[in-house]
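Residue numbers (the working numbering), protein chains in the order written: chain D, 49 to 325; chain C, 257 to 529. What follows is a single structure, written as structure tokens, with notes after it.
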């Protein structure tokens, strides 16, 4: 699932009472850079998993989530839990795919697309290109994964840590306010953040000086050594059915997801190559 | 996901319609035959006496009068909504709690329709009841975020000081806990500013300190740690020493949950005892 999908369900003011069965399968959910209360997130994820369980005909509460917004915690949970399935960022997928035999299972489809672009924005007319930002400050939530930004978003052409002065934040709006005040020189945004800029009415307005290539959205990945093909297919089918299920449809609408679709693993091959350079 | 647009669309719809997905049938009460004879004039005269400290029978008797009363002078006040909130907050049955809170929303909406829209308390108790009515239902909760913000903002603008800074506290908590931009109305900076103001103006309310501690924690766990501990301890002390009636138990739970969160983050609980 696209990273941003997680924050919405995770940070709503709700408390779903759904205690996991003692032998429930843990699904590690990672949202690096997010400003989400972990307890709320785990509780909220339960609502989605209850639907998945029902569609996939698993016993209720047989799936349980373990949520984190910290990359290091995600690595630790992947190591300790060795989950059969994980909802992780593309950066973590690329980093951990070999170690845990990860294979993508489903991708979310959002506004007819299964990919997104990242942008670096600046105050309008202040800078003309990314090269002019050398040594300048760059903020953004996606900087929680600097390797992903360097290898995938910038396709290996810029090492963020060397090229910029990085100002990581878990609040996109906070770094945009800093950009507006001139306290930051540039901000890196994912597609959804970029599309939301108009609602902020920033003054002076901002413009993109860099737009990435299309980057595929990652959804659910499975440990291919810890799951059978039948298990992966069953989980994938359950998610595919989610957005047409009466209850699941509401959640899909909340996530902004039109559908979950079976992954063509070849889609991620260019990313794997970029990561391995 | 493109939640911002989704929320915005729903919020606009909600402003044009009623609150989405709320319970509409009322909780039935026992022992109403034991209630004293009360008129709308009596209720208006003693409305300030009803509080979270009032016993449930007293509140249900007053609510029963209000249910049967169409006096515009009474119905344009926040009293019905406030009574529902007091009863809902102490109700352990989730279905009954939601019905009471939804009824509180109805009372507040009726008050606005009767011309009570300039009363900040009406908006405050509408928002408080609405939050309570939807909090267990993710889709309904998200659908109502815009409405919640709107009502709380009106309450904060009109009557920021009622209920020990309740409008500031609630709006701050909403900004703190709701999905952040671009997914929702959540905004840590706004939360921090509102809750700081709530603590400064109304230092005697335990939740003002708790929510401010949470906002500080959210802003920067390490840099604000010392102040987080101070605010948490202050709030906890106020809760322990004050007479908060039926509110004490749910508030204690809020404190316990945050203490657990601090503990999970590596802070041993005793540092904030």
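Glycine is no exception: its CB is placed at the ideal position from the N, C-alpha and C atoms. Remember, predicted model here, so these are calculated numbers, not experimental data.
Would you mind telling me which residues of chain C sit closer than 9 Å to residue 241/D, beta carbon to beta carbon, in chain order?
The sequence position of residue 241/D within the first chain is 193, counting from 1. Within chain C, the residues near residue 241/D are 437 and 438.
Residue 444/C versus chain D: which residues are under 9 Å apart at the beta carbon?
Here the question's residue 444/C lines up with position 188 in the second chain. Chain D residues near residue 444/C: 83, 218, 219, 221 and 222.
Can you say whether residue 103/D is buried or exposed, counting buried as having 16 or more other CB atoms within 10 angstroms of its CB?
Here residue 103/D is taken as the residue at index 55 of the first chain, counted from 1. Its Cβ being crowded by 16 or more others within 10 Å, residue 103/D is buried.
Decide yes or no for the touch test of the region 503-514 of chain C against the region 466-475 of chain C: beta carbon pairs closer than 8 Å, at least 3 of them.
Inter-segment contact for the region 503-514 of chain C and the region 466-475 of chain C is present: three or more beta-carbon pairs are separated by less than 8 Å.
Local Cβ density within 10 Å of residue 93/D, reported as buried at 16 or more and exposed below that
Along the first chain, one-based indexing puts residue 93/D at 45. Buried.
Does residue 274/D have its Cβ less than 8 Å from a Cβ in chain C?
To locate residue 274/D, count along the first chain from 1; it is residue 226. False, the Cβ-Cβ gap to chain C never drops below 8 Å.
Interface residues of chain C facing residue 185/D [CB-CB closer than 7 Å]:
Numbered from its first residue, the first chain carries residue 185/D at position 137. Within chain C, no residue comes near residue 185/D; the closest Cβ sits about 18 Å away, beyond 7 Å.
With 16 other Cβ atoms within 10 Å as the buried cut-off, status of residue 188/D:
As a first step, residue 188/D is located in the first chain; it is residue number 140 there, counting from the start. Around the beta carbon of residue 188/D, 16 or more other beta carbons sit within 10 angstroms, so the residue counts as buried.
Scan the region 138-168 of chain D for residues whose Cβ lies nearer than 8 Å to a Cβ of chain C and list them as they occur along the chain.
From the region 138-168 of chain D, only 156, 158 and 159 have a Cβ closer than 8 Å to chain C.
Please confirm whether residue 356/D has its beta-carbon closer than 8 Å to some beta-carbon of chain C.
With chain D represented from 49 up to 325, any question about residue 356/D goes unanswered, as that position is not in the structure.
Please state whether DSSP places residue 69/D in a helix, a strand or coil.
Numbered from its first residue, the first chain carries residue 69/D at position 21. The pLDDT assigned to residue 69/D is 45, lower than 50, so where the model puts this residue is not dependable; a value taken from the coordinates is nonetheless given after this. Secondary structure of residue 69/D (DSSP, three-state): coil.
For a quick check, are the C-beta atoms of residue 336/D and residue 269/D less than 8 Å apart?
Here chain D comprises residues numbered 49 to 325, so residue 336/D is not present and cannot be evaluated.
Ignore the nearest five residues each way along the sequence and tell me which others in residue 366/C's own chain have a CB closer than 6 Å to its CB.
Your numbering for residue 366/C matches position 110 in the second chain. Contacts found: 331.
Any Cβ of chain C within less than 8 Å of the Cβ of residue 284/D?
Here residue 284/D corresponds to residue number 236 of the first chain, with the count starting at 1. No - not a single Cβ of chain C is within 8 Å of the one on residue 284/D.
Same chain, Cβ closer than 8 Å to residue 267/D, five either side skipped, listed in chain order:
Locating residue 267/D in the first chain gives position 219, counting from the first residue. Short of 8 Å from the beta carbon of residue 267/D, and not among the five residues preceding or following it, lie these beta carbons of its own chain, in chain order: 49, 50, 135, 152, 153, 154, 155, 156, 287, 308 and 311.
Considering Cα atoms alone, identify which of 120/D, 257/D and 90/D is closest to residue 114/D.
Here residue 114/D refers to the residue found at position 66 of the first chain. Among 120/D, 257/D and 90/D, the Cα nearest to that of residue 114/D belongs to 90/D.
Measure the Cβ-Cβ separation of residue 150/D and residue 271/D and say whether it is below 8 Å.
For this step, residue 150/D is matched to residue 102 along the first chain. For this step, residue 271/D is matched to residue 223 along the first chain. With a cutoff of 8 Å on beta-carbon distance, residue 150/D and residue 271/D are scored as near each other.
So residue 298/D contacts chain C; which residues on that side make the cut at Cβ distance below 9 Å?
Here residue 298/D corresponds to residue number 250 of the first chain, with the count starting at 1. By Cβ distance, chain C contributes 394 and 395.
Neighbour list for residue 267/D in chain C, Cβ cutoff strictly below 9 Å:
Working through the first chain from its first residue, we reach residue 267/D at position 219. Close partners of residue 267/D in chain C (Cβ separation under 9 Å) are lacking, with about 12 Å as the shortest Cβ gap.
Output needed for residue 70/D: all residues of its chain with C-beta closer than 8 Å, excluding positions within five of it in sequence on either side, in chain order.
Taking the first chain and counting its residues from 1, one reaches residue 70/D at position 22. Per-residue confidence for residue 70/D stands at a pLDDT of 45, beneath the threshold of 50, marking its modelled position as unreliable; no derived number is given.
Can you name, in chain order, every residue of its own chain whose Cβ lies under 8 Å from the Cβ of residue 320/D, other than the five neighbours on each side?
Along the first chain, read from residue 1 onward, the residue named residue 320/D stands at position 272. Cβ neighbours of residue 320/D beyond the five flanking positions: 142 and 145.
Beta strand (DSSP E) containing residue 235/D: first to last residue?
Locating residue 235/D in the first chain gives position 187, counting from the first residue. Where residue 235/D is concerned, the enclosing beta strand (DSSP E) stretches over 234-237.
Using a Cβ-Cβ cut-off of less than 7 Å, give me the residues of the region 251-262 of chain D that come near chain C, in sequence order.
Cβ contacts with chain C come from no residue of the region 251-262 of chain D.
Cα-Cα separation between residue 204/D and residue 484/C, rounded to whole angstroms:
Taking the first residue of the first chain as 1, we reach residue 204/D at position 156. Taking the first residue of the second chain as 1, we reach residue 484/C at position 228. Taking the straight line from one Cα to the other gives about 41 Å.
Environment of residue 408/C [buried if 16+ CB atoms lie within 10 Å]:
Here residue 408/C corresponds to residue number 152 of the second chain, with the count starting at 1. Taking all protein chains in view, the Cβ of residue 408/C is crowded by 16 or more other Cβ atoms within 10 Å, so the residue is classified as buried.
Are at least three pairs of beta-carbons, each pair with one atom in the region 425-435 of chain C and one in the region 449-457 of chain C, less than 8 Å apart?
The region 425-435 of chain C, when compared against the region 449-457 of chain C, does touch it at the 8 Å Cβ threshold.
Grab the span of the alpha helix (DSSP H) containing residue 287/C for me, first residue to last.
Here residue 287/C refers to the residue found at position 31 of the second chain. DSSP places residue 287/C outside any alpha helix (DSSP H), giving it a letter other than H or E.
Is any beta-carbon of chain C found at less than 8 Å from that of residue 69/D?
Counting from 1 along the first chain, the entry for residue 69/D is found at position 21. Confidence in residue 69/D is poor, its pLDDT being 45 and thus under 50, which makes the residue's placement too unreliable to answer from.
Could you check how far apart the C-beta atoms of residue 471/C and residue 432/C are, in whole angstroms? I think they sit under 8 Å.
Indexing the second chain from 1 puts residue 471/C at position 215. Indexing the second chain from 1 puts residue 432/C at position 176. Their Cβ separation, rounded to whole angstroms, is 5 Å, which keeps residue 471/C and residue 432/C in contact under 8 Å.
Residue 361/C versus residue 354/C: straight-line alpha-carbon distance, rounded:
Mapped onto the second chain, residue 361/C falls at position 105. Mapped onto the second chain, residue 354/C falls at position 98. About 10 Å.
So, residue 257/D versus residue 177/D, is the Cβ gap smaller than 8 Å?
One-based indexing of the first chain puts residue 257/D at position 209. One-based indexing of the first chain puts residue 177/D at position 129. Yes, they are a contact pair.
Under 8 Å from the C-beta of residue 92/D: neighbouring residues of chain C
Position 44 of the first chain, counted from the start, is the residue given in the question as residue 92/D. The contacting residues are 394.
Use the C-beta contact count for residue 376/C: other C-beta atoms within 10 angstroms, 16 or more gives buried, fewer gives exposed.
Taking the second chain and counting its residues from 1, the one referred to as residue 376/C is at position 120. Residue 376/C comes out buried.
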